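Colleague:
Number of protein chains: 2
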Amino acid sequence: MQASPVIIREAVETDVPAIVALFADDPLGGHGDTVDPAALPGYRAAFRRISASANETLYVAEREASIVGTFQTMVTTTMTARGSSSMIIEAVQTRADCRGQGIGAAMIGFCIEKARADGMRLVQLTSNAVRKDAHRFYERLGFSPSHIGFKLKLK
Amino acid sequence: MQASPVIIREAVETDVPAIVALFADDPLGGHGDTVDPAALPGYRAAFRRISASANETLYVAEREASIVGTFQTMVTTTMTARGSSSMIIEAVQTRADCRGQGIGAAMIGFCIEKARADGMRLVQLTSNAVRKDAHRFYERLGFSPSHIGFKLKLK
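Chains as they are written, first to last, in our numbering: chain H, 1 to 155; chain E, 1001 to 1155.
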C-alpha cells in the first residue's frame, strides 16, 4: 500500500491544540508540555509571537487531514562567514504513532530545500544527546554532528 | 595590577571592521573571514540586517576603548515547554591576544543576566566540538552539554 502524501504547510492558530498534543506525547522531551486546557492560552500567545516574528515560521506536516508533525524555522544573520545567513530548525516533532514513515524526512527535506532556495549558508539544529535514533536520521540526511549544544536552564 | 573593566554594549556600524578582525584572526573557525576591504560591504550589509531584526542583537566587549570581543543574541519562542522563549547566543569571539582575561565570562555573564531579566526559560549555544577549552568554560558557567549540534553546509 502506498502511503498518503505528507503536506508541509505553515501552521494556523486552529492547529495549536494538535501541535501541543504532539509535544505532550513525547516521553524524552521533558519540557512539561500538556494538553490541559488551562495551558492553552499560553500556547496561543506563543503562536502569536511566532506569527508576528519576521524571521520565525511554524510549520505542520499533514497527512490525510491529520497533523502528524511540526517544526519551526528561524533565519539568522551573523557577522561570521562574511555576514552569511543560516536557517536554524527548532522543535521538530513527529506524532508518536507515525514514526518511521518518512514524515521527519519530509519535514527536514522541506527545510533544506527552502534554505537552499533562500541562499542560506547552512542549516543547523540541536538534538538531545539521548535521541540516538534522531542522530542517525540527521546524519543520513547529510548533517554533521560537528558541535556540542550547551543549554543553561533559568527556570 | 587591576585589569581595566570590560564594557558590554550594542555594536554600531563603525565597529564593523573591528568585529570582522576578531573573526578573521580565528584559526579554528574556518569560516573564511577576512579583513580584505573587498569583503567589507558584505559585512556592512549583514550588520544592517542584524540591526533591522527585532529579535537579534549584536554586541561588542570594549576595554580601554578597544574592541576585545563580540557576540550576538537571538530571542526565539517555540511551542515546546508551554510556549516559552529562549535566548540563543551566536558568534562569540574574544580577541586572540586577550584570552584568559575574563572577557568571555563578562560577555556570557551579560547574556545570562539579560535572559533572566527578560524571563527567558533558557540560554543556549553551540560550540565546535574541537573547542575543548570553550566547553570547559561553558560548563564552569553552568551550561550543560546536553545536545548535539548538527550542521549541514549548503555552500
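From the three backbone atoms N, C-alpha and C, an ideal C-beta is built for every residue, glycine too. All of these numbers come straight from a predicted model, not from anything done at the bench.
Residues in its own chain within less than 6 Å of residue 1062 of chain E by CB, not counting five upstream and five downstream?
Modeller: Excluding positions up to five away in sequence, the list reads 1007.
Colleague: Mind listing the chain H neighbours of residue 1123 of chain E? Cutoff is C-beta to C-beta under 9 Å, in chain order.
Modeller: What residue 1123 of chain E touches in chain H: 150, 151, 152, 153, 154.
Colleague: Report all residues from its chain with a CB closer than 7 Å to the CB of residue 98 of chain H; omit the five preceding and five following residues, and keep chain order.
Modeller: Excluding sequence neighbours, residue 98 of chain H sits near 68.
Colleague: Taking Cβ-Cβ distances shorter than 7 Å, what residues in chain E pair up with residue 138 of chain H?
Modeller: Simply 1150.
Colleague: At what residues does the alpha helix (DSSP H) containing residue 1080 of chain E begin and finish?
Modeller: Here the alpha helix (DSSP H) through residue 1080 of chain E covers 1080-1083.
Colleague: Give the residues from the segment 1075-1088 of chain E that approach chain H closer than 8 Å (Cβ to any Cβ), ordered along the chain.
Modeller: Answer in chain order: 1076, 1077, 1078, 1079, 1080, 1081, 1082, 1083, 1084, 1085, 1088.
Colleague: List the residues of chain H that residue 1143 of chain E touches, going by C-beta distances under 8 Å, in chain order.
Modeller: Going along chain H in sequence order, the residues near residue 1143 of chain E (Cβ under 8 Å) are 150, 151, 152.
Colleague: Do residue 1004 of chain E and residue 1090 of chain E have their C-beta atoms closer together than 8 Å?
Modeller: For residue 1004 of chain E and residue 1090 of chain E, no; Cβs fall outside 8 Å.
Colleague: Measuring from the CB of residue 148 of chain H, is there a heavy atom of the ligand NAP at a distance below 7 Å?
Modeller: With respect to the ligand NAP, the structure shown offers nothing to examine, as it has no ligands at all.
Colleague: Thinking C-alpha only, which one of E:1118, E:1112, E:1144, E:1120 is nearest residue 1126 of chain E?
Modeller: Taking only the C-alpha atoms, the option nearest residue 1126 of chain E is E:1144.
Colleague: For residue 56 of chain H, is the classification buried or exposed, using 16 other Cβ atoms within 10 angstroms of its Cβ as the cut-off for buried?
Modeller: Classification of residue 56 of chain H: buried, given that the 10 Å Cβ count is 16 or more.
Colleague: Please name the residue, chosen from H:148, H:118, H:122, H:114, that lies closest to residue 1130 of chain E on a Cα-to-Cα basis.
Modeller: With distances taken between Cα atoms, residue 1130 of chain E lies closest to H:148.
Colleague: For residue 44 of chain H and residue 16 of chain H, I'd like the C-alpha separation in whole angstroms.
Modeller: Distance between the alpha carbons of residue 44 of chain H and residue 16 of chain H is about 7 Å.
Colleague: Listing by chain order, which chain H residues have their CB less than 9 Å from the CB of residue 1120 of chain E?
Modeller: Result: 154, 155.
Colleague: Are the segment 1102-1111 of chain E and the segment 1069-1087 of chain E in contact at 8 Å, needing three or more beta carbon pairs?
Modeller: Yes, they touch.
Colleague: In chain H, what lies closer than 8 Å to residue 1047 of chain E by C-beta?
Modeller: Within 8 Å Cβ-Cβ: 79, 83.
Colleague: Evaluate residue 12 of chain H with the Cβ neighbour count: other Cβ atoms within 10 Å of its Cβ, from every protein chain shown; 16 or more gives buried, anything less gives exposed.
Modeller: Residue 12 of chain H comes out exposed.
Colleague: Checking contacts by CB at 8 Å: is residue 23 of chain H closer than that to chain E?
Modeller: So, interface residue.
Colleague: Taking the alpha-carbon of residue 1049 of chain E as reference, which of H:31, H:84, H:10, H:51 has the nearest alpha-carbon?
Modeller: Residue H:84 is the option with its Cα nearest to residue 1049 of chain E.
Colleague: Could you check if residue 81 of chain H is buried or exposed, using at least 16 other CB atoms within 10 Å of its CB as the buried criterion?
Modeller: With 16 or more Cβ atoms within 10 Å of its Cβ, residue 81 of chain H is classed as buried.
Colleague: Tell me whether residue 1132 of chain E is buried or exposed, calling it buried when 16 or more other Cβ atoms sit within 10 Å of its Cβ.
Modeller: Burial call: exposed.
Colleague: Taking Cβ-Cβ distances shorter than 7 Å, what residues in chain H pair up with residue 1072 of chain E?
Modeller: Residues of chain H passing the Cβ test: 78.
Colleague: Which parts of the segment 26-67 of chain H are runs of the beta strand (DSSP E), unbroken and 3 residues or longer, counting only runs that do not cross its ends?
Modeller: As far as the segment 26-67 of chain H is concerned, its whole beta strand (DSSP E) runs of at least 3 residues are 56-63.
Colleague: As a quick exercise: from H:150, H:120, H:140, H:121, pick the residue whose alpha carbon is nearest that of residue 128 of chain H.
Modeller: Taking only the C-alpha atoms, the option nearest residue 128 of chain H is H:150.
Colleague: Got a sec: is the Cβ-Cβ distance from residue 109 of chain H to anything in chain E below 8 Å?
Modeller: Closer than 8 Å: no.
Colleague: Report the three-state DSSP secondary structure of residue 1023 of chain E (helix, strand or coil).
Modeller: Residue 1023 of chain E: helix per DSSP, three-state reduction.
Colleague: Below 8 Å on the Cβ atoms is my contact criterion, and I expect residue 1023 of chain E with residue 1093 of chain E to pass it. Report the Cβ-Cβ distance as a whole number of Å.
Modeller: The Cβ separation is near 6 Å, so the contact holds.
Colleague: Specify the secondary structure class of residue 1100 of chain E as computed by DSSP and reduced to three states.
Modeller: It is coil, neither helix nor strand.
Colleague: Mind listing the chain E neighbours of residue 68 of chain H? Cutoff is C-beta to C-beta under 8 Å, in chain order.
Modeller: Those do not exist, as residue 68 of chain H stays about 15 Å from chain E at its closest Cβ, beyond 8 Å.
Colleague: Going along the segment 1007-1019 of chain E in order, which residues come within less than 7 Å of chain H, judged by CB to CB distance?
Modeller: If the cut-off is 7 Å between Cβ atoms, the segment 1007-1019 of chain E has 1019 near chain H.
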